[in-house]
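J.: Below are the structure tokens for one structure; questions will follow.
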Amino acid sequence: MNSNSIIKPHRLPKGGTIGIASPAKWMAEDRLKIAAKVLIDAGYRVKFGSACHLRENQYAGSTEQRIRELENLFADPEIDAIICARGGYGSIRVTDKLDYLIIRENPKIFVGFSDITALHCSFQQECGLTTFHGPMLWNFEESTDPFTLSNLLYVMSGDDPAELEFPKNLPPIVLREGTASAPLFGGNLTLLTKMIGTRWDFDTEGTILFVEDIDEKYYRTDRDLLHLKRAGKLDGIAALVVGQMTNIEDEEIPFGKSVDEIVMDICGDGDYPIVSNFPCGHGRHLATLPLGIPTRLAAVDSNVSFKLLELAVS
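The opening residue of the sequence shown carries number 181 in the working numbering; numbering runs sequentially from there.
So, in structure tokens, the structure goes:
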């Protein structure tokens with residue numbers, strides 16, 4: 181990944197307008213309003229996309245309706261940033277028919293994670309756009325985590341880069357020591373494996389690669405990470421960051437390894453630093469990680485430091 185060729189979106193101004201996109205599953209109307217109030221109370225205007233109020237089985241409207249919503253949100257001059265309502269499933273269905281010219285000509289902050297990984301991959305490959313692996317409206321519907329909200333607003337507003345202050349109850353774990361300075365790339369482990377071999381396959385060489393997942397089995401986590409390795413996605417990476425692996429379940433006959441043990445079994449022959457328990461994914465605490473932005477990771481003894489080396493916005 182060449183960080184010099186990426187397109188940075190404009191920063192989110194104070195009092196700016198945040199558009200809400202629903203490219204995947206629908207979110208109940210009352211929950212949308214409760215979560216949006218968090219952004220409104222933080223001093224921003226909120227504008228819901230046209231699919232936010234639609235239903236087609238599990239999806240927020242048809243594939244075509246969700247495509248048009250994304251295109252309209254990017255084209256809308258009133259909107260400064262776009263945050264997805266939620267993930268679930270459905271984003272991968274909109275990737276092949278999007279008009280990426282609209283997105284290239286109107287680069288904006290785009291935030292989401294989990295199922296939204298499919299769009300992060302397609303936006304990067306089609307547009308070279310820096311997108312943001314970060315919280316969705318869904319993260320704010322029940323209770324607002326101060327770390328998650330403050331880090332999101334900090335990264336979007338373009339304040340000077342500072343070292344990430346990890347939540348005291350979620351210290352990262354050093355699995356292998358080392359330091360790395362490289363662009364960020366990553367997302368949901370399951371979705372990343374599904375993008376390999378498609379039009380939106382990705383290059384991880386020279387990146388700090390991060391992964392997270394939820395509601396999987398230990399054997400599937402092993403299989404997906406092994407898939408990344410055999411597809412060459414762990415070759416030449418600068419570092420591996422394992423985020424929150426939430427609700428990873430065992431079977432009646434135990435798999436016999438924890439997630440950290442799986443990681444070291446598969447990646448043990450590498451020489452790059454590895455950190456786990458990082459605040460990204462489906463846990464309570466979620467850092468906003470801008471893809472393509474040079475970042476410094478240091479894992480020494482039991483201490484981890486993490487800092488963006490430049491602004492993620494223009």
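Idealized CB from N, CA, C, for every residue including glycine.
Bear in mind the structure is a predicted one, so any value in this text is a computation, not a measurement.
#1: With a CB to CB cut of under 8 Å and the five nearest residues on each side skipped, what residues in its chain are close to threonine 324?
#2: Using CA coordinates, which residue listed in Glu251, Arg248, Glu285 and His300 is at the minimum distance from isoleucine 272?
#3: Entirely within the segment 293-364 and at least 3 residues each: give me those beta strand (DSSP E) ranges in chain order.
#4: Please report the residue range of the alpha helix (DSSP H) in which isoleucine 247 lies.
#5: In this structure, does DSSP put cysteine 447 in helix, strand or coil?
#6: What three-state label does DSSP hand leucine 406 in the structure shown?
#7: Determine the contact status of alanine 479 and proline 459, defining contact as a CB-CB distance below 8 Å.
#8: Are the segment 360-377 and the segment 395-409 in contact at 8 Å, needing three or more beta carbon pairs?
#9: Let me check one thing: in DSSP terms, what residues is glutamate 236 bridge-paired to?
#10: Report buried or exposed for alanine 208, applying the criterion of at least 16 other Cβ atoms within 10 angstroms of its Cβ.
#11: Does DSSP put alanine 215 in a helix, in a strand, or in coil?
#12: Nearest to tryptophan 206 by CA position, among Gly267, Ile473 and Arg191, is which residue?
#13: Cutting at 6 Å between CB atoms, please list the residues of its own chain near glutamate 396, excluding the five before and the five after it.
#14: Determine whether the beta carbon atoms of threonine 163 and serine 302 lie at a separation below 8 Å.
#15: For the alpha helix (DSSP H) that contains methionine 375, what are its first and last residues?
#16: Per DSSP, which residues does phenylalanine 435 bridge with? Please list them.
#17: Figure out for me which residue from Asp393, Leu281, Glu251 and Glu357 has the closest Cα to the Cα of glycine 463.
#18: Use the C-beta contact count for glutamate 249: other C-beta atoms within 10 angstroms, 16 or more gives buried, fewer gives exposed.
#19: Provide the residue span of the beta strand (DSSP E) that contains isoleucine 283, from first to last.
#20: Can you grab the Cα-Cα spacing for the pair glycine 423 / leucine 466, in whole Å?
#21: What separation, rounded to the nearest whole angstrom, lies between the Cα atoms of histidine 233 and glycine 241?
#22: Going by Cα to Cα distance, which pick from Leu420, Phe435 and Met316 is closest to methionine 444?
#23: Could you tell me how far apart the beta carbons of valine 291 and phenylalanine 312 are, in whole angstroms, since I believe they sit closer than 8 Å?
#24: Leaving out five residues on either side along the sequence, give the residues of the same chain with a beta carbon under 6 Å from the beta carbon of isoleucine 353.
#25: For aspartate 279, which option in Ile263, Cys307 and Ile296 has the closest C-alpha, if you only look at C-alpha atoms?
#26: Where does phenylalanine 485 sit, in a helix, a strand or coil, going by DSSP?
#27: Would you call lysine 348 buried or exposed, if buried means 16 or more other Cβ atoms sit within 10 Å of its Cβ?
#28: Within its chain, find whatever has a CB closer than 7 Å to the CB of methionine 152; leave out the 5 residues flanking it on each side and keep chain order.
#29: Let me know if serine 202 comes out buried or exposed under the rule of 16 or more other beta-carbons within 10 Å of its beta-carbon.
#30: Exposed or buried, which one is serine 294 when buried takes at least 16 other CB atoms within 10 Å?
#31: Report the CB separation of leucine 469 from phenylalanine 390 in whole angstroms; it is logged as a contact under 8 Å.
#32: For phenylalanine 290, which residues does DSSP report across the bridge?
#33: With threonine 197 and glutamate 258 assumed to form a contact (beta carbons below 8 Å), what rounded beta-carbon distance in angstroms separates them?
#34: In whole angstroms, give me the CA-to-CA distance for isoleucine 214 and aspartate 449.
T.: Straight from the coordinates:
#1: Here residue 324 refers to the residue found at position 144 when the sequence shown is read from its first residue. Excluding residues within five positions, the ones whose Cβ falls inside 8 Å are Val218.
#2: Counting from one through the sequence shown, the residue named residue 272 turns up at place 92. Minimum Cα distance to isoleucine 272 is reached at His300.
#3: 353-356
#4: Indexing the sequence shown from 1 puts residue 247 at position 67. That run of the alpha helix (DSSP H) goes 243-255.
#5: Residue numbering aside, residue 447 sits at position 267 when the sequence shown is read from its first letter. Residue state, collapsed to three classes: helix.
#6: Looking up residue 406 in the sequence shown gives position 226. Correct three-state label for leucine 406: helix.
#7: As a first step, residue 479 is located in the sequence shown; it is residue number 299 there, counting from the start. As a first step, residue 459 is located in the sequence shown; it is residue number 279 there, counting from the start. It is not a contact, given that the beta carbons lie outside the stated cut-off.
#8: yes
#9: On the sequence shown, position 56 is the one that residue 236 refers to. DSSP, once it has assigned bridges, lists Tyr239 as partnering glutamate 236.
#10: In the sequence shown, residue 208 corresponds to position 28, counting from 1. Burial call: exposed.
#11: Start at 1 with the first residue of the sequence shown, and residue 215 comes out as number 35. Looking at alanine 215 - three-state DSSP - the assignment turns out to be helix.
#12: For the purposes of this step, residue 206 is identified with residue 26 of the sequence shown, where counting begins at 1. It is Gly267 whose Cα lies nearest to the Cα of tryptophan 206.
#13: Taking the first residue of the sequence shown as position 1, residue 396 is located at position 216. Cβ within range, chain order: Ile428.
#14: Only positions 181 to 494 of the chain appear in this structure, which leaves residue 163 out of reach.
#15: Numbered from its first residue, the sequence shown carries residue 375 at position 195. Segment 369-375, the alpha helix (DSSP H) holding methionine 375.
#16: The count along the sequence shown starts at 1 and reaches residue 435 at position 255. In the DSSP output, where bridge partners are listed per residue, phenylalanine 435 has none listed.
#17: Indexing the sequence shown from 1 puts residue 463 at position 283. Closest by alpha carbon: Asp393.
#18: What you label residue 249 is simply residue 69 of the sequence shown in a count that begins at 1. Buried, since its Cβ has 16 or more Cβ neighbours within 10 Å.
#19: In the sequence shown, residue 283 corresponds to position 103, counting from 1. Careful: isoleucine 283 lies outside any beta strand (DSSP E), inside the alpha helix (DSSP H) at 280-285.
#20: What you label residue 423 is simply residue 243 of the sequence shown in a count that begins at 1. What you label residue 466 is simply residue 286 of the sequence shown in a count that begins at 1. So the alpha carbons of these two residues sit roughly 9 Å apart.
#21: On the sequence shown, position 53 is the one that residue 233 refers to. On the sequence shown, position 61 is the one that residue 241 refers to. Each residue's Cα considered, the two are about 8 Å apart.
#22: Indexing the sequence shown from 1 puts residue 444 at position 264. Measuring from the Cα of methionine 444, the nearest candidate turns out to be Leu420.
#23: Translated into positions along the sequence shown, residue 291 becomes position 111. Translated into positions along the sequence shown, residue 312 becomes position 132. 4 Å between Cβ atoms; contact.
#24: Residue mapping note: residue 353 aligns to position 173 of the sequence shown, counting from 1. The answer, listed in chain order, is Ser456 and Asn457.
#25: As a position in the sequence shown, residue 279 is number 99, starting the count at 1. Among Ile263, Cys307 and Ile296, the Cα nearest to that of aspartate 279 belongs to Cys307.
#26: Counted from its first residue, the sequence shown places residue 485 at position 305. Here residue 485 turns out to be serine, not phenylalanine, going by the sequence shown. If DSSP states are grouped into helix, strand and coil, serine 485 belongs with the strands.
#27: Position 168 of the sequence shown, counting from 1, holds the residue named residue 348. When all chains shown are included, lysine 348 counts as exposed.
#28: The chain is shown only over 181 to 494; residue 152 falls outside these bounds and no answer can be derived.
#29: Along the sequence shown, read from residue 1 onward, the residue named residue 202 stands at position 22. Serine 202 comes out buried.
#30: Walking along the sequence shown from the start, residue 294 turns up at place 114. Classification for serine 294: buried.
#31: Residue numbering aside, residue 469 sits at position 289 when the sequence shown is read from its first letter. Residue numbering aside, residue 390 sits at position 210 when the sequence shown is read from its first letter. Indeed they touch by this definition, with Cβ atoms about 7 Å apart.
#32: Position 110 of the sequence shown, counting from 1, holds the residue named residue 290. Answer is Ile262.
#33: Within the sequence shown, numbered from 1, the residue matching residue 197 stands at position 17. Within the sequence shown, numbered from 1, the residue matching residue 258 stands at position 78. Confirmed, Cβ separation roughly 5 Å.
#34: Taking the first residue of the sequence shown as 1, we reach residue 214 at position 34. Taking the first residue of the sequence shown as 1, we reach residue 449 at position 269. Between isoleucine 214 and aspartate 449, the C-alpha separation is close to 47 Å.
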